[in-house]
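*Asks:* Numbering (my numbering), first residue to last: 2 to 491.
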Ligand code: AMP
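1) When the Cα atoms are used, what is the spatial distance from residue 300 to residue 163?
2) For a test of your reading of the model: does the CB of residue 80 fall under 7 Å from any non-hydrogen atom of the ligand AMP? Yes or no.
3) Tell me, please, which residues DSSP counts as bridged to residue 210.
4) Taking 7 Å as the cut-off, is the CB of residue 122 close to at least one heavy atom of the ligand AMP?
5) Report the option in 102, 348 and 295 whose CA atom is closest to the CA atom of residue 271.
6) With a cut-off of 8 Å on the beta carbons, I'd call residue 103 and residue 155 a contact; round off their distance for me.
7) Please confirm whether residue 176 has its beta-carbon closer than 8 Å to some beta-carbon of chain B.
8) Can residue 36 be considered in contact with the ligand AMP, in the sense that its beta carbon sits closer than 7 Å to one or more heavy atoms?
9) Count the other C-beta atoms from every protein chain shown that fall within 10 angstroms of the C-beta of residue 92, then say buried if there are 16 or more, exposed otherwise.
10) Compute the beta-carbon to beta-carbon distance between residue 109 and residue 136, rounded to the nearest angstrom, for a pair I have assumed lies under 8 Å.
11) According to DSSP, simplified to helix, strand and coil, what is residue 368?
12) Measuring CB atoms only, is the region 31-44 touching the region 196-213, in the sense that at least three cross pairs come out at less than 8 Å?
13) Just to confirm my understanding: we take residue 161, look at its own chain, exclude 5 residues before and 5 after, and list those with CB closer than 8 Å. What are they?
14) I believe residue 120 touches residue 130 by the beta-carbon criterion, under 8 Å. Please report the beta-carbon distance rounded to the nearest angstrom.
15) Is the distance from the Cβ of residue 325 to the Cβ of residue 244 below 8 Å?
16) For the ligand AMP, is there any heavy atom lying closer than 7 Å to the beta carbon of residue 45?
17) Whose C-beta lies closer than 7 Å to the C-beta of residue 126 among residues of the same chain, with five residues either side of it excluded?
18) Going by DSSP, what residues sit across from residue 297 in a beta bridge?
19) So residue 1 and residue 118 are in contact, right, with Cβ under 8 Å, and what is the actual spacing, rounded?
20) For my contact list, residue 234 and residue 71 are in at a C-beta cut-off of 8 Å; report their separation, rounded to the angstrom.
21) Taking the alpha-carbon positions, what's the residue 43 to residue 401 distance?
22) How long is the line joining the alpha carbons of residue 340 and residue 172, rounded to whole angstroms?
23) To the nearest angstrom, how far is the alpha carbon of residue 27 from that of residue 142?
24) For residue 199, count the other beta carbons within 10 Å of its own beta carbon; 16 or more makes it buried, fewer makes it exposed. Which is it?
Structure, rendered in structure tokens:
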């Protein structure tokens with residue numbers, strides 16, 4: 002599917018006609034790859050692809066400043082496939098299919114999506130790609146690894162489990178990709194990353210992608226990248242101009258009703274609602290379901306199978322609302338999401354940028370609606386400071402909460418059981434009774450200038466509230482500062 006507009010190409014858009022847009026066959030990519038791109042409906046490379054593909058093909062290390070949604074996955078995987086074609090073979094012998102490229106991602110969902118992309122781009126070649134992540138049975142992964150695979154996509158914890166079980170040998174890895182490196186550090190993966198880097202051959206090509214470049218990220222980059230080329234396509238700490246941001250002032254106790262109201266008033270389909278807590282996400286999702294809204298929650302306490310099922314249902318239109326924590330939502334490849342809702346304002350202002358970037362993705366535009374109560378003043382101030390923009394809270398039109406929750410249920414912090422009677426008569430409303438949308442939003446335009454802007458470095462990121470889904474609970478997260486700089490040189 003083609004969801005990136007070719008005119009988003011940063012370096013051509015200002016001075017050249019569309020005829021001058023770069024083309025995939027300018028890069029010397031082999032016919033099976035070009036065929037796969039045509040199957041996908043991609044017509045032109047995105048800015049990150051136009052910059053990264055030739056450099057990666059030269060064998061250079063890369064430090065890429067790009068968020069998910071810019072097309073960075075193809076930016077690194079197309080040249081990797083091209084370079085590995087020299088080794089492609091149809092032999093049944095596992096020894097003829099060693100792991101030659103390793104892609105690490107912080108979350109299971111992102112790993113799965115990157116693997117889907119790599120499989121799609123390499124489908125007309127004999128190269129094999131597989132994905133391993135935690136939370137699911139190891140046996141099928143072990144079987145795939147034993148059969149031999151050239152491109153392995155993995156989350157760090159499960160990768161090390163396979164190494165420990167001796168089902169995986171990384172001694173022939175020529176190319177190492179670290180995707181969403183900032184999130185890897187946020188999630189406490191640094192010790193695992195360093196163990197993995199130690200298992201790789203010293204002679205290899207390294208590609209690192211990160212949405213933000215804190216001093217910690219730069220230090221990590223310095224520890225394993227060799228003379229990297231810096232590729233930047235979009236500033237990270239800027240909100241997309243084409244994302245309409247509205248902050249609604251509501252009572253804390255009325256936030257769940259407010260979400261229902263927004264969904265109905267605006268007839269929103271395909272929305273991610275962000276919650277700061279796993280319990281909050283579950284409760285909101287249950288409440289939405291009770292109100293007849295097709296919703297599901299994804300967060301770190303859900304099994305991998307549940308998370309994948311929810312994501313699949315959302316992508317295929319079986320669900321209208323995905324309620325997610327930041328960690329679970331990170332890297333989800335859902336194209337052209339028209340709206341995100343912040344049920345909670347995030348504790349970390351950078352997460353606001355990541356969240357609303359879900360809707361301004363791939364150069365498209367969208368609406369970012371946030372619920373704000375008096376206790377959120379600090380959080381809103383932090384966001385305004387980061388995005389250098391005022392977000393004055395406004396009342397939520399036509400909103401009348403159906404009575405506040407009794408018994409001191411303060412949003413997600415209480416631990417009360419769910420009782421359908423506690424919502425009075427709200428359960429009898431059905432989606433078909435939606436009020437007409439009272440405040441039409443501005444017409445969307447195809448190309449978002451944010452997508453074309455140069456990267457601007459961000460402030461350091463604070464640790465996140467939720468631990469990585471993949472992180473084994475028994476293992477303490479080591480302090481970043483102590484580990485950074487102690488890592489081996491590539
Ligand atoms: P990514 O940033 O790699 O997660 O990609 C974001 C989305 O853009 C994915 O849905 C890709 O399938 C899509 N995409 C990547 N490259 C292109 C392209 N050159 N043209 C159109 N869509 C693309």
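Every residue, glycine too, gets a C-beta built ideally from N, C-alpha and C. Remember, it's a predicted structure, so these values are computed and weren't measured experimentally.
*Replies:* If we stick to the structure as given:
1) If I take the Cα positions, the gap works out to 24 Å.
2) For residue 80, the shortest C-beta to heavy atom distance toward the ligand AMP is 7 Å or greater.
3) In DSSP, residue 210 forms a bridge with 65.
4) Of the heavy atoms belonging to the ligand AMP, none sits nearer than 7 Å to the Cβ of residue 122.
5) Among 102, 348 and 295, the Cα nearest to that of residue 271 belongs to 295.
6) Right, the Cβ-Cβ distance comes to about 7 Å (below 8 Å), so this counts as a contact.
7) As a matter of chain content, chain B is missing from the structure shown, which is built from one protein chain.
8) A distance criterion of 7 Å places the beta-carbon of residue 36 beyond contact range of the ligand AMP, judged by its closest non-hydrogen atom.
9) Exposed is the label assigned to residue 92, since fewer than 16 other Cβ atoms lie within 10 Å of its Cβ.
10) Confirmed, about 6 Å.
11) In the structure shown, residue 368 sits in a strand (DSSP, three-state: E or B).
12) Two segments are said to touch when three or more pairs of C-beta atoms, one from each, lie closer than 8 Å; by this definition the region 31-44 does not touch the region 196-213.
13) Sequence-distant partners of residue 161 (beyond 5 residues in either direction) whose C-beta falls short of 8 Å from its own C-beta, in its chain, are 193, 196 and 197.
14) Contact between residue 120 and residue 130 holds: CB atoms are separated by about 5 Å, below the 8 Å threshold.
15) Not a contact, by the Cβ cut-off of 8 Å.
16) At least one heavy atom of the ligand AMP lies closer than 7 Å to the C-beta of residue 45.
17) Take residue 126, set aside five residues on each side of it, and the residues of its chain with a beta-carbon closer than 7 Å to its own are 33, 82, 86 and 89, in chain order.
18) In the DSSP output, where bridge partners are listed per residue, residue 297 has 323.
19) Only positions 2 to 491 of the chain appear in this structure, which leaves residue 1 out of reach.
20) Going by Cβ atoms, the distance from residue 234 to residue 71 rounds to 6 Å, so yes, they are a contact pair.
21) So the alpha carbons of these two residues sit roughly 46 Å apart.
22) Answer to the nearest angstrom: the Cα atoms are 44 Å apart.
23) Residue 27 and residue 142 have their alpha carbons spaced roughly 36 Å apart.
24) Within 10 angstroms of the beta-carbon of residue 199 lie fewer than 16 other beta-carbons, which makes it exposed.
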